[in-house]
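Protein chains in written order, with my numbering: chain A, 8 to 97; chain B, 74 to 445.
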Amino acid sequence: MLLPSVLAPLAGGRSGLEVAADGPLPVGRLLDELAGNYPALGRRLRDETGSVRRFVNVYVSGVEIRRLQGLGTEVSPGQEVLIIQSVAGG
Amino acid sequence: MGAMASEENFVLAIGTKKGLWLATSPDRRSWSLSGPHFLMSEIPSIGIDTRDGKTRILVGVRSEHWGPTVFHSDDLGASWNEPEQGAIRFPEDTGAALERVWQIYPDAESRPGVVWAGCEPISVWKSTDGGEHFELNRGLWDHPHRSEWGSGYGGAAAHSIVVHPDGERVHVAMSTGGVYRSKDGGQSWDARNKGISAYFNPDPYPEFGQCVHKIAADSAVDGRLYAQNHHGVYRTDDDAETWESIAEGLPADFGFVMLTHPHRAGTAWVIPLKADGERIPPEGKLAVHRTDDAGVTWKRLDEGLPGSEFNAVLRDAACVDTAEPAGVYFGTRGGSVYASADEGEHFTEVASHLPDVLCVRAAQVVGAPVPA
Numbered sequence: 008m009l010l011p012s013v014l015a016p017l018a019g020g021r022s023g024l025e026v027a028a029d030g031p032l033p034v035g036r037l038l039d040e041l042a043g044n045y046p047a048l049g050r051r052l053r054d055e056t057g058s059v060r061r062f063v064n065v066y067v068s069g070v071e072i073r074r075l076q077g078l079g080t081e082v083s084p085g086q087e088v089l090i091i092q093s094v095a096g097g
Numbered sequence: 074m075g076a077m078a079s080e081e082n083f084v085l086a087i088g089t090k091k092g093l094w095l096a097t098s099p100d101r102r103s104w105s106l107s108g109p110h111f112l113m114s115e116i117p118s119i120g121i122d123t124r125d126g127k128t129r130i131l132v133g134v135r136s137e138h139w140g141p142t143v144f145h146s147d148d149l150g151a152s153w154n155e156p157e158q159g160a161i162r163f164p165e166d167t168g169a170a171l172e173r174v175w176q177i178y179p180d181a182e183s184r185p186g187v188v189w190a191g192c193e194p195i196s197v198w199k200s201t202d203g204g205e206h207f208e209l210n211r212g213l214w215d216h217p218h219r220s221e222w223g224s225g226y227g228g229a230a231a232h233s234i235v236v237h238p239d240g241e242r243v244h245v246a247m248s249t250g251g252v253y254r255s256k257d258g259g260q261s262w263d264a265r266n267k268g269i270s271a272y273f274n275p276d277p278y279p280e281f282g283q284c285v286h287k288i289a290a291d292s293a294v295d296g297r298l299y300a301q302n303h304h305g306v307y308r309t310d311d312d313a314e315t316w317e318s319i320a321e322g323l324p325a326d327f328g329f330v331m332l333t334h335p336h337r338a339g340t341a342w343v344i345p346l347k348a349d350g351e352r353i354p355p356e357g358k359l360a361v362h363r364t365d366d367a368g369v370t371w372k373r374l375d376e377g378l379p380g381s382e383f384n385a386v387l388r389d390a391a392c393v394d395t396a397e398p399a400g401v402y403f404g405t406r407g408g409s410v411y412a413s414a415d416e417g418e419h420f421t422e423v424a425s426h427l428p429d430v431l432c433v434r435a436a437q438v439v440g441a442p443v444p445a
């Protein structure tokens, strides 16, 4: 999983994280894993209801998960998940 | 050279749309500014807790991307901490998510560690550990009026919390919903808006639904509170059972700010704006208005303020300190911040050209913030 550099301090200074998996996992499970290890980071990405924050985009193989199956989008071993903040604010 | 760590200073925390600044002064007249902290995050709420001989600055922080959270600093901003799981989290059964922390209110000296928070969506929270973990007030959350509460332009929030020294009586104001009172420490709540106009409603005097912008308690008269409403300035002398207008003598009855004196009866400040549809200082001239007789008469105060100003002052972008005479502070949406060491008689500029000022809080502390 690749994080924006601004969030790296919340992941022990790393902007790239690996999640061990035997087979395909839904994105939601990957984010659960990440939040379990780094709770403050997890809160930046999803709210208390588990929804991905409005201006956070999660890409699986270059496609944003809202265009796929949302948090149910499956990620295969070796696939890359990219988290990018959207263009927002003034 | 910075101030000695043991010296007493006044600290003014300035929350803006794009970060937090800390201003320091030994005399409330000359100020030095440090910051920004949390650059590019909105700071909609600040609480400075000076109880128990310590200073803790609590700030509501909200990133457009990464959501809301609460940070605290026990070293005047040299370092900031947040609980890993977050200080304020809606319980799962509510199905709600925190949008913004609008108010952080350290309770009375006699209840150290107790801190209240008012949030969006409309909710009140209480911490007993100095603001590190808050618990949702279920009485207000489950209130039968909830489905009829509305959203003001800035969002649907509980923005004012006033706790009586007895700890049992608590008043909350929300936009839109009005004033609610608890007589049992927050377990149950009743709407208390009799006499407050909701002119935008088919029934202009409903039980609830008023757009109260800010309430504040008179520190020396039991049962007396003041309210700046969405048009209308009011006082109650019976613990919010009934409200009466005290707007006569003001240039306008619209505005967001309501401040009360930390010690003296009958003294309050407002910063009028012309109207709902014209949210600028009347005639484009910025002024604070003070009453010393509980709203019977008002005095215009503008010495040291600019001759021309077209920016509004938001509800929490004004505060008082607890010194004698009381200091009065406010900031504009144009990023100017002013301080008065003499209850508003004279103002000096603390900062200018900051982002929109959302909130300010001042306190007398030992030491001084180091440059961010």
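Where a beta carbon is used, it is the ideal one built from N, C-alpha and C, also for glycine.
8 Å contact criterion, which residue i and residue j should meet: CB distance rounded
| i | j | result |
| --- | --- | --- |
| B/N384 | B/G407 | 4 Å |
| B/T128 | B/V438 | 5 Å |
| B/V443 | B/A151 | 5 Å |
| B/F403 | B/A391 | 4 Å |
| B/S233 | B/W214 | That belief does not hold up - the Cβ atoms of B/S233 and B/W214 are roughly 17 Å apart, past 8 Å. |
| B/S98 | B/N82 | 7 Å |
| B/H460 | B/A160 | Limits of chain B in this structure are 74 at one end and 445 at the other, which puts residue 460 of chain B out of reach. |
| B/A348 | B/A325 | 6 Å |
| B/W371 | B/G322 | 4 Å |
Minimum Cβ-Cβ distance from residue i to chain B less than 8 Å
| i | result |
| --- | --- |
| A/S46 | Correcting the residue type first, residue 46 of chain A is Pro in the shown sequence and not Ser. Taking Cβ atoms only, chain B reaches closer than 8 Å to A/P46, which makes this a yes. |
| A/D54 | yes |
| A/Q86 | no |
| A/R50 | yes |
| A/R60 | yes |
| A/V63 | yes |
| A/A92 | According to the sequence displayed, residue 92 of chain A carries Gln and not Ala. Answer yes: the Cβ-Cβ gap between A/Q92 and chain B drops below 8 Å somewhere. |
Any chain A beta carbon closer than 8 Å to residue i
| i | result |
| --- | --- |
| B/H138 | yes |
| B/R135 | no |
| B/L171 | yes |
| B/T421 | no |
| B/R162 | yes |
| B/E157 | yes |
| B/G417 | no |
| B/G168 | yes |
| B/T142 | yes |
| B/G75 | A caution first: B/G75 carries a pLDDT of 44, below 50, which makes its placement in the model unreliable, though a value can still be read off. Answer no: the Cβ-Cβ gap between B/G75 and chain A never drops below 8 Å. |
Buried versus exposed, by CB contacts within 10 Å (16 or more), residue i
| i | result |
| --- | --- |
| B/M74 | In this predicted model, B/M74 has a pLDDT of only 39, less than 50, meaning its place in the structure is not dependable enough to derive any value. |
| B/E193 | buried |
| B/E115 | buried |
| B/G440 | buried |
| B/N274 | exposed |
| B/R219 | exposed |
| B/Y272 | exposed |
| B/S146 | buried |
| B/G120 | buried |
| B/H237 | buried |
| B/M77 | Model confidence at B/M77 stands at a pLDDT of 48, short of 50, so the residue's coordinates are unreliable and nothing is read from them. |
For residue i, the residue or residues it bridges with in DSSP
| i | result |
| --- | --- |
| B/T142 | B/V134 |
| B/F111 | Paired residues: none, contrary to the question. |
| B/Y178 | B/W189 |
| B/C432 | B/G88, B/D389 |
| B/I121 | B/I130 |
| B/K287 | B/Q301 |
| B/W342 | B/L332, B/R363 |
| B/K267 | Answer is none; B/K267 lacks a bridge partner. |
| B/V306 | B/Q301 |
| B/R173 | B/E193 |
Check: residue i C-beta below 7 Å from any heavy atom of the ligand ADP
| i | result |
| --- | --- |
| B/G228 | Judged by which ligands are present, the structure shown has none, so any question about the ligand ADP falls away. |
- Message: Taking 8 Å as the cut-off, does the stretch 323-330 of chain B touch the stretch 254-261 of chain B (at least 3 CB pairs, one atom from each stretch)?
- Response: Fewer than three beta-carbon pairs drawn from the stretch 254-261 of chain B and the stretch 323-330 of chain B are found closer than 8 Å, and the two stretches are therefore not classed as touching.
- Item | Contact between the stretch 70-90 of chain A and the stretch 20-40 of chain A (3+ Cβ pairs under 8 Å) | A contact exists between the stretch 70-90 of chain A and the stretch 20-40 of chain A.
- Message: Across the stretch 129-142 of chain B and the stretch 40-53 of chain A, are there enough close Cβ pairs to call them in contact, namely three or more that are closer than 8 Å?
- Response: Segment contact: the stretch 129-142 of chain B against the stretch 40-53 of chain A, three or more CB-CB distances shorter than 8 Å; contact assigned.
- Query: Three or more C-beta pairs closer than 8 Å, one from the stretch 274-289 of chain B and one from the stretch 233-253 of chain B: is that the case here?
  - Reply: Enough Cβ pairs lie closer than 8 Å, so yes.
- If we count Cβ pairs, one from each stretch, closer than 8 Å, do we get three or more for the stretch 362-376 of chain B versus the stretch 341-348 of chain B? Counting Cβ pairs under 8 Å, three or more are found: they touch.
- Message: Across the stretch 222-241 of chain B and the stretch 160-176 of chain B, are there enough close Cβ pairs to call them in contact, namely three or more that are closer than 8 Å?
- Response: With a cut-off of 8 Å, the stretch 160-176 of chain B and the stretch 222-241 of chain B count as touching, because enough Cβ pairs lie within range.
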